[in-house]
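Asker:
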């Protein structure tokens, strides 16, 4: 058997007998390929174990009779500019998404990859883009609570349980569970964090094209030096939060925006 053929076999899903047969091949090239295969398998095993641990809360409520469990998370509570984006995701009971984690722990490239996989595998996904006017009118805490309730109720499937990242919310007929650092503890919340973060980052990149002087593509609305200098020089846009300093001290008129925008993103695959 040629080395190229061995490589092709080990790149797929060989059965144990094939692997054992190849392991007995004394050619150095084959031995290297077999060693690399075992290394990949061990990495996969550890990742599956980590992912299983992230399903601990979900398994608890499945065991109690829940059929559908939603994870809820947000992106954008802290920035001076840009919307707050909240996502709710219901994953199947039997699911594996390699690399799924708190979105803040991942690179932008990895988040984009996981965004597509979450949309492809999720049973239901809902997104709520909370407007600047809503944030300023209610305050960020109340706008987040309200937005999380809205996004939960917008899901195409009504869950029996909702796991929420660090926010107590109430929704009729749904048991809601607030988890501190939930995006690192629950696969469902981590999936929601990916959807929320990628959605918001894409919006900020679009806003950067409209308002290039503020550096939104890089700072995502946070108070970077470049952003603060631009506010001082050019003032605030309708996407800046009037309830956040230093914009608050400018005493500007309220941001003219429509209300929250709820939608269900669709997988392109």
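In full-length UniProt numbering, the protein residues as written are 1 to 269. We put the CB at the ideal spot given by N, CA and C, even for glycine. This one's a predicted model, so the numbers in the text were calculated from it and none came from an experiment.
1. Are there three or more Cβ pairs, one per stretch, closer than 8 Å when the stretch 117-132 is compared with the stretch 230-243?
2. Mind listing, in chain order, the continuous beta strand (DSSP E) runs of no fewer than 3 residues lying wholly within the stretch 89-169?
3. How should residue 199 be labelled, buried or exposed, when 16 other C-beta atoms within 10 angstroms of its C-beta is the threshold for buried?
4. Quick one, which of 252, 187 and 259 has its alpha-carbon nearest residue 102's?
5. Could you work out which residue in 80, 152, 30 and 61 is closest to residue 4 when comparing CA atoms only?
6. Taking 6 Å as the limit between beta carbons, can you name the residues of its chain near residue 230, skipping five residues before and five after?
7. Would you mind stating whether residue 152 and residue 192 have Cβ atoms separated by less than 8 Å?
8. Taking the straight line between their C-alpha atoms, what separation do you get for residue 68 and residue 2?
9. From the DSSP output, in three-state form, read off residue 44 for me.
10. Would you kindly work out how many angstroms separate the C-alpha atoms of residue 220 and residue 94, rounded to a whole number?
11. Using the Cα positions of residue 53 and residue 24, report the straight-line distance between them to the nearest angstrom.
12. DSSP state of residue 28, grouped into three classes?
13. Along the beta strand (DSSP E) that carries residue 209, what are the first and last residues, could you check?
14. Can you name, in chain order, every residue of its own chain whose Cβ lies under 7 Å from the Cβ of residue 115, other than the five neighbours on each side?
15. Which same chain residues, not among the five before or five after residue 61, have their C-beta less than 7 Å away from its C-beta?
16. For residue 216, does the count of other Cβ atoms within 10 angstroms reach 16, so buried, or fall short, so exposed?
17. Does the distance from the C-beta atom of residue 144 to that of residue 74 stay below 8 Å?
18. Considering residue 221, what are the terminal residues of the beta strand (DSSP E) in which it resides?
Answerer: Answer, in terms of the structure:
1. With a cut-off of 8 Å, the stretch 230-243 and the stretch 117-132 count as touching, because enough Cβ pairs lie within range.
2. 124-130 and 161-165
3. buried
4. 187
5. Out of 80, 152, 30 and 61, 30 has the C-alpha closest to the C-alpha of residue 4.
6. 213 and 214
7. no
8. CA-to-CA, the gap between residue 68 and residue 2 works out to about 49 Å.
9. helix
10. For the pair residue 220 and residue 94, the Cα-to-Cα distance works out to about 35 Å.
11. 36 Å
12. Assigned with DSSP and collapsed to three states, residue 28 falls in helix.
13. Bounds of any beta strand (DSSP E) do not take in residue 209; it lies within the alpha helix (DSSP H) bounded by 187-210.
14. 194, 195 and 198
15. 69 and 161
16. buried
17. yes
18. No beta strand (DSSP E) holds residue 221; DSSP gives it neither H nor E.
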